[in-house]
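Oh and the sequence shown: position 186 is 595 in our numbering, straight run, nothing missing.
One structure is given here, and the rest of the page talks about it.
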Amino acid sequence: MHASTIPTIPTIDLSLWRSGDDRDRDRLATLVDQALGRAGFLLVTGHGVHPDLPAAIRTAARAFFHQPLEVKQPFLAEAVGRYGWSGPGAVATGRAEGLMTPPDLVETWSAAPGPWDTAAGRHEPGLLPRSWPSQPLELRPLVAQYVHAMRVLAGELLEILAVTLRQPLDFFTRHTTRPDWTLTLNWYPAISAVGAPRPGQFRVGPHTDFGTITVLDRQPGKGGLQIHTEDDGWQDAPYDPEALTINIGDLMARWTGDRWRSGRHRVLAPPADATSEELLSLVYFYDCDPDTLVASLPAPIGRVSHPPVTARAYVRSKVAEITLA
Numbered sequence: 410m411h412a413s414t415i416p417t418i419p420t421i422d423l424s425l426w427r428s429g430d431d432r433d434r435d436r437l438a439t440l441v442d443q444a445l446g447r448a449g450f451l452l453v454t455g456h457g458v459h460p461d462l463p464a465a466i467r468t469a470a471r472a473f474f475h476q477p478l479e480v481k482q483p484f485l486a487e488a489v490g491r492y493g494w495s496g497p498g499a500v501a502t503g504r505a506e507g508l509m510t511p512p513d514l515v516e517t518w519s520a521a522p523g524p525w526d527t528a529a530g531r532h533e534p535g536l537l538p539r540s541w542p543s544q545p546l547e548l549r550p551l552v553a554q555y556v557h558a559m560r561v562l563a564g565e566l567l568e569i570l571a572v573t574l575r576q577p578l579d580f581f582t583r584h585t586t587r588p589d590w591t592l593t594l595n596w597y598p599a600i601s602a603v604g605a606p607r608p609g610q611f612r613v614g615p616h617t618d619f620g621t622i623t624v625l626d627r628q629p630g631k632g633g634l635q636i637h638t639e640d641d642g643w644q645d646a647p648y649d650p651e652a653l654t655i656n657i658g659d660l661m662a663r664w665t666g667d668r669w670r671s672g673r674h675r676v677l678a679p680p681a682d683a684t685s686e687e688l689l690s691l692v693y694f695y696d697c698d699p700d701t702l703v704a705s706l707p708a709p710i711g712r713v714s715h716p717p718v719t720a721r722a723y724v725r726s727k728v729a730e731i732t733l734a
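Dropping the structure here:
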């Protein structure tokens, strides 16, 4: 297959990766390598996540987000590295690129693993934040079920990326014995409720993610996801209701010496003819063990040698750049 015939953002069937022969795997590895070099994005099917689970999370999350601000206020995530609810005006994601946009038109609920228990050698049971809303009660157990599925999927994806680079199967996963991860529920309210967007305002401003890989379960919309490539500029992201959207972040791009591109993207504000459109995305950010030193793979795999960075410190420094409140 010639590079010119490979889709910019192909769909990878994970069931074929698991059960296929060496020729199937080589073909899929070529697709992965080319796609991550062009745009930093993939779609994956055969991922094993039943559609009823994200649908149930959306129902529960909307019940929370639709409540008055004073009901949500006790769950406010007050600082970088805290989890829970972030309300209107909390972030301007484009500022990670130096773009001084108005605040993003989004509210979020973020969850993460409990602190690491050194004596027990594992994360503490449960999820952060420690305090969850009593209405709806089902939000926490649904999120717990989903992040378990995401952790398994992320590990498999990292193995595929290692094989694609012709590295040992555990090249990345050996650094995920106690990884940092965050599940963020992004609620994009209707402009009929929050008012017309300001000039230059986005639901999420242009940026690249900061960690290793991101797994996105999204809904299509007129104010939806766009992906940037050098060849095509900004284009609407492809959508398949049976697929999850995968992109790599800055840590993975640095790890590969810029062989692969940290996927640049944005979420548009809805146009004037879509005043009632509201969307809710499930975004799983997967990093690695917090003290992992991420150093660029040398040539011929890598193309640029970046100074090594410590995983958690790098990600948190980037999150601080976009946090407004």
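All C-beta atoms in this analysis are idealised placements derived from N, C-alpha and C, irrespective of residue type, glycine included.
In the DSSP assignment, D645 is bridged to Q635.
Boundaries around F450 are those of the beta strand (DSSP E), 450-454, since no alpha helix (DSSP H) includes it. Between the stretch 590-603 and the stretch 476-484 there are fewer than three C-beta pairs closer than 8 Å, too few to call the two in contact.
At a Cβ-Cβ threshold of 7 Å, L551 and A464 do not count as neighbours. Per DSSP, the unbroken beta strand (DSSP E) holding S495 starts and ends at 493-495. Per the DSSP secondary-structure output, Y695 pairs in a beta bridge with W590, I622. In this structure S540 is exposed. Its beta-carbon is surrounded by fewer than 16 other beta-carbon atoms within 10 angstroms. Of D645, T517, E506, P647, the smallest CA-CA separation from A499 is found for T517.
Looking at A501, T417, A486, P545, the one whose alpha-carbon comes closest to that of F473 is P545. Between F581 and L592, the CB-CB gap reaches or exceeds 7 Å. Taking 7 Å as the cut-off, the beta carbon of A678 is found no closer than this to the beta carbon of L508. Each residue's CA atom was taken as its position, placing M559 and R549 some 15 Å apart. It is roughly 11 Å from the alpha-carbon of Y695 to the alpha-carbon of N656. Cβ neighbours of T684 within its own chain (closer than 7 Å, five residues either side excluded): A599, I600, S601.
By a beta-carbon distance limit of 8 Å, V676 contacts R612. Their separation comes to about 4 Å. Counting C-beta atoms within 10 angstroms of its own C-beta, G535 has fewer than 16 neighbours from the protein chains shown and is therefore classed as exposed.
In the three-state DSSP reduction, V603 falls in the helix class (H, G or I). Note that the C-beta distance between G711 and G666 is below 7 Å.
Distances from the CA of T510 to each of T638, H459, G609, G564 were compared; the closest alpha carbon is that of G609. Pairing T454 with A681 gives a Cβ-Cβ distance that is not under 7 Å. Residue burial is scored here from C-beta neighbours: P650 has fewer than 16 other C-beta atoms within 10 angstroms and is therefore classed as exposed. If you ignore the 5 residues before and after I731, its C-beta comes within less than 7 Å of the C-beta of V500, A501, T502, R504, A505, all in its own chain and listed in chain order.
Non-local C-beta neighbours of R721 in its own chain, meaning closer than 6 Å and more than five positions away in sequence, comprise D589, P699, ordered along the chain. Within its own chain, the residues whose Cβ lies closer than 6 Å to the Cβ of V441, once the five positions on either side in sequence are excluded, are T573, listed in chain order.
Per DSSP, W518 is one residue of the beta strand (DSSP E) stretching across 516-522. Spatial neighbours of H584 in its own chain (CB-CB distance under 6 Å, excluding positions within 5 residues in sequence) are listed in chain order as C697, D698, T701. Per the DSSP secondary-structure output, S690 pairs in a beta bridge with N595. DSSP, read as helix, strand or coil, puts V676 in strand. Taking C-beta atoms as the reference points, I418 and P647 count as a pair closer than 7 Å.
By a beta-carbon distance limit of 8 Å, T621 contacts G658. Their separation comes to about 6 Å. Considering only L691, L706, H637, L634, the residue with the shortest C-alpha distance to L660 is L706.
In the DSSP annotation of this structure, the continuous segment of the beta strand (DSSP E) that includes G614 starts and ends at 613-617. For T654, no alpha helix (DSSP H) encloses it; the enclosing beta strand (DSSP E) starts and ends at 653-657. By the neighbour-count criterion, in which a residue is buried when 16 or more other Cβ atoms sit within 10 angstroms of its Cβ, L452 is buried. Taking all protein chains shown into account, V713 has fewer than 16 neighbouring C-beta atoms within 10 Å of its C-beta and is therefore exposed.
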